[in-house]
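Take the working numbering: the final residue in the sequence shown is number 1121, and no numbers are missing along the way.
Read through the structure below, which is laid out as structure tokens, and then see the notes.
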Amino acid sequence: MKSIQDISRIIIEIEDKHKLFDIYINGIPFWWFVRVKLINMLYRQSNHIAVSAGTAEALSTRELLLKLKDSFHLNITRQHRVLAVSTSSARREIVEGKDFDIFFDFLSWTNCADSYAVLETPDRISHSKQPYSPFRYYGDQIILWGNLYRKAPLLVVNKKVDQQLSHISRRVSSALGHSGILLPWEEILTLMRKEFAFASVAIRISSGILNEIQPQFLLVEDGYSPSHMAIQLAAKKRGVPVIELQHGLIVPDNYSYKFGIQDVGQLRNSPFPDKLWVYGEHFKEVLQQNRFLRSEDIVVIGNPYLWYKLNRMKDRKQQGNKILIAAQPEYSAFFTKLTLELSRLVENDIILKPHPSEIPRAREIYKDLIGNKKVTLVTSNIPIYELFCQSAFHIAVGSMTHLEALCFGIKDIIIRKGGFDRYFTFLMEKGIPAVEDIAEIVDVIRSYPDISQVSSYVRNQVFNINENPLASVETALRSI
642 MKSIQDISRI IIEIEDKHKL FDIYINGIPF WWFVRVKLIN MLYRQSNHIA VSAGTAEALS
702 TRELLLKLKD SFHLNITRQH RVLAVSTSSA RREIVEGKDF DIFFDFLSWT NCADSYAVLE
762 TPDRISHSKQ PYSPFRYYGD QIILWGNLYR KAPLLVVNKK VDQQLSHISR RVSSALGHSG
822 ILLPWEEILT LMRKEFAFAS VAIRISSGIL NEIQPQFLLV EDGYSPSHMA IQLAAKKRGV
882 PVIELQHGLI VPDNYSYKFG IQDVGQLRNS PFPDKLWVYG EHFKEVLQQN RFLRSEDIVV
942 IGNPYLWYKL NRMKDRKQQG NKILIAAQPE YSAFFTKLTL ELSRLVENDI ILKPHPSEIP
1002 RAREIYKDLI GNKKVTLVTS NIPIYELFCQ SAFHIAVGSM THLEALCFGI KDIIIRKGGF
1062 DRYFTFLMEK GIPAVEDIAE IVDVIRSYPD ISQVSSYVRN QVFNINENPL ASVETALRSI
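Here it is as structure tokens:
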């Protein structure tokens, strides 16, 4: 078994040695589209994790064909200065009776309120029924056509391209073998064909969308997903600046911000964002460990929605002594077993909060929890911030909610699993408990340390919520 960090390190070494970021095929820096898929594929194989059903790529051929008739119509009604690129699985909360995208709809509180639009790509769950933004377009055609060509890549991959991909896949397979990872070159070639085909069509469609909307700059979350990279690459080719807004955890060895490149020019000609907007100084310091990322391109803006919720909820008192467990899709069986065992060993009631992508199938995925009187299974998109107010403890595996819970003064517990606990080394060094088994969890719950100083660090340095972040956002917007 290898951790995600181990595999990332191996891939980055191979990228550097074989200069994979220097390779352009038909003008496409295709390795950017392959690397994330390859890293995740190797991690799943090494740890025997099944591919989660319901991902954007898991759309059946029948579903694709049924949706194709609608995939041409974006209904773009006007041009927009700011185009924010989000996904259907991004966290949303009900604000004023509408689905508020916590990553981007805070723009409605800034001087961009009348000039921003959200382009939402499909990802695992359905699109919002009542989006908060008055201008929300759906990028289904990028995914739908891209996935169709993934299923039939040789429609795009001609003989010359295939020879190039074949040569590269053999080199990568051989390099992996020298690192103790056996992956046939044919499997790598299959992956490369699919991702090259996807990128070819997705970039072309993205260019057409940008031509209609004519944005002055692009804001993105999850800037390393294939569909978003296609949009970002299309934007950069048009001279449109791309800014990634932090949406999750940033750690020193995160493959999303560490790569085997030789010079900064390889970033300029890639899908990688021109600037990174991060929550707090903590994350900026992490990113500055990469010598190719300039300090002036990393801007601290705080966390607008977290700041908003903390201020709205500051007078609300904790309503209970529950244990909140925040699940992750790849570990659903583990979380089911953990919840059942914990319910027998502690007096506290338990809330199991599935990942947003699991909510539509929560009753099916966590069916063994239904009927347990001590367990509440969340089956709707109730905001996790609301659940914090009902909880005394929070348990998760490698989730951003570790940090959010600490902002609310919740007693956090880190589970050591899959190497994801390494993401929170800085919290463990400051005293946040990390556990490996159920007995340790019970011991920690019964005797939890004082974490007031850690909570203060997270609020001020990790999320920078000691001041109104909207002012920082507006300043950053004006500087573009």
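Glycine included, every Cβ here is placed at the ideal spot set by N, Cα and C.
Item, Value
"Please list, in chain order, all residues of the same chain as ILE1051 whose beta carbon is under 8 Å from its beta carbon, the five residues on each side excluded.", "LEU965, PHE1029, SER1032, ALA1033, PHE1034, HIS1035"
"DSSP three-state label for ILE617, please.", "No statement about residue 617 is possible, as the shown extent of the chain runs from 642 to 1121 and does not include it."
"Excluding the five sequence neighbours on either side, which residues of its own chain have a C-beta within less than 7 Å of the C-beta of ASP1053, listed in chain order?", "HIS1035, HIS1043, ALA1046, LEU1047, ILE1073"
"Beta-carbon within less than 6 Å of ASN752's beta-carbon, same chain only, minus the 5 sequence neighbours each way: which residues are those?", "GLU1115"
"Using C-beta distances below 6 Å, list every residue in its chain close to ALA699, excluding the 5 sequence neighbours before and after it, in chain order.", "Any reading at ALA699 must be qualified, since the residue scores a pLDDT of 47, below 50, and its modelled position is unreliable; no value is offered."
"Counting pairs of beta carbons, one from the region 933-945 and one from the region 650-662, are three or more of them closer than 8 Å?", "no"
"Within the same chain, show all residues whose beta-carbon is closer than 8 Å to that of ALA1003, passing over the 5 residues directly before and after it, in chain order.", "PRO995, LEU1018, VAL1019, THR1020"
"Would you mind sorting GLN969 into buried or exposed? The rule is 16 or more other CB atoms within 10 Å of its CB.", "buried"
"I'd like the list of long-range same chain contacts for VAL601, defined as Cβ closer than 7 Å, with 5 residues on each side in sequence excluded.", "Past the edges of the chain, shown from 642 to 1121, lies residue 601, and the structure says nothing about it."
"Checking the sheet assignment: what are the DSSP bridge partners for PRO772?", "ASP740"
"Run through DSSP, which three-state label would VAL1083 get?", "helix"
"Sort VAL1038, LEU748, GLU862, TYR972 by Cα distance to HIS689 and report the nearest one.", "TYR972"
"What residues in its chain sit with their C-beta under 6 Å from that of SER769, if we drop five residues either side in the sequence?", "ASP740"
"Please classify ILE798: is it buried, with 16 or more other beta-carbons within 10 angstroms of its beta-carbon, or exposed?", "Residue 798 is actually Val in this sequence, not Ile. The residue in question, VAL798, is buried, as its Cβ has 16 or more Cβ neighbours within 10 Å."
"Quick one: grab the DSSP three-state call for ASP764.", "strand"
"What do you get for ARG834, buried or exposed, if any count of 16 or more other CB atoms within 10 angstroms of its CB means buried?", "buried"
"Taking only the alpha-carbon atoms, compute the straight-line gap between PRO825 and ILE743 and give it to the nearest angstrom.", "42 Å"
"Which first and last residues belong to the alpha helix (DSSP H) in which GLU982 is found?", "973-986"
"Roughly how many whole angstroms lie between the Cα atoms of VAL675 and PHE933?", "21 Å"
"In whole angstroms, give me the CA-to-CA distance for GLY818 and SER649.", "15 Å"
"Assuming GLY889 and VAL1103 are in contact, meaning their beta carbons sit under 8 Å apart, how far apart are those beta carbons, in whole angstroms?", "With 8 Å as the limit, GLY889 and VAL1103 do not qualify as a contact, their Cβ atoms being about 13 Å apart."
"Can you give me the start and stop residues for the beta strand (DSSP E) that SER1032 sits inside?", "1032-1037"
"Would the region 1086-1094 count as touching the region 907-914 if we require 3 or more Cβ pairs under 8 Å?", "no"
"Could you name the residues of the same chain whose beta carbon sits closer than 6 Å to that of GLN804, not counting the 5 residues immediately before and after it, in chain order?", "none"
"Pull up the CB-CB distance for LEU760 and GLY780, whole angstroms please, since I reckon it's below 8 Å.", "5 Å"
"Using CA atoms only, rank isn't needed, just tell me which of ILE846, ALA843, HIS923, VAL941 is closest to ILE884.", "VAL941"
"Output needed for PRO867: all residues of its chain with C-beta closer than 8 Å, excluding positions within five of it in sequence on either side, in chain order.", "PHE674, VAL677, LYS678, GLY787, GLU836, PHE839, ALA840, ALA843"
"With respect to the alpha helix (DSSP H) encompassing THR1066, which residues constitute its N-terminal and C-terminal limits?", "1066-1070"
"Tell me SER649's beta-bridge partners as DSSP assigns them.", "Note: SER649 sits in no beta bridge, so no partner."
"Which two residues bound the contiguous beta strand (DSSP E) that contains LEU724?", "723-728"
"Which residue's Cα is closest to the Cα of PHE1061: ALA1037, ASP1078, TYR665, SER815?", "ALA1037"
"May I ask you to report which of helix, strand or coil DSSP gives GLU885?", "strand"
"Can you name, in chain order, every residue of its own chain whose Cβ lies under 8 Å from the Cβ of PHE776, other than the five neighbours on each side?", "THR718, ARG719, HIS721, TYR757, ALA758, VAL759"
"Ignore the nearest five residues each way along the sequence and tell me which others in GLY1012's own chain have a CB closer than 6 Å to its CB.", "none"
"If I follow the unbroken alpha helix (DSSP H) through ASP781, where does it start and stop?", "781-792"
"Whole angstroms is fine: what's the gap from GLU1005's alpha carbon to SER644's?", "29 Å"
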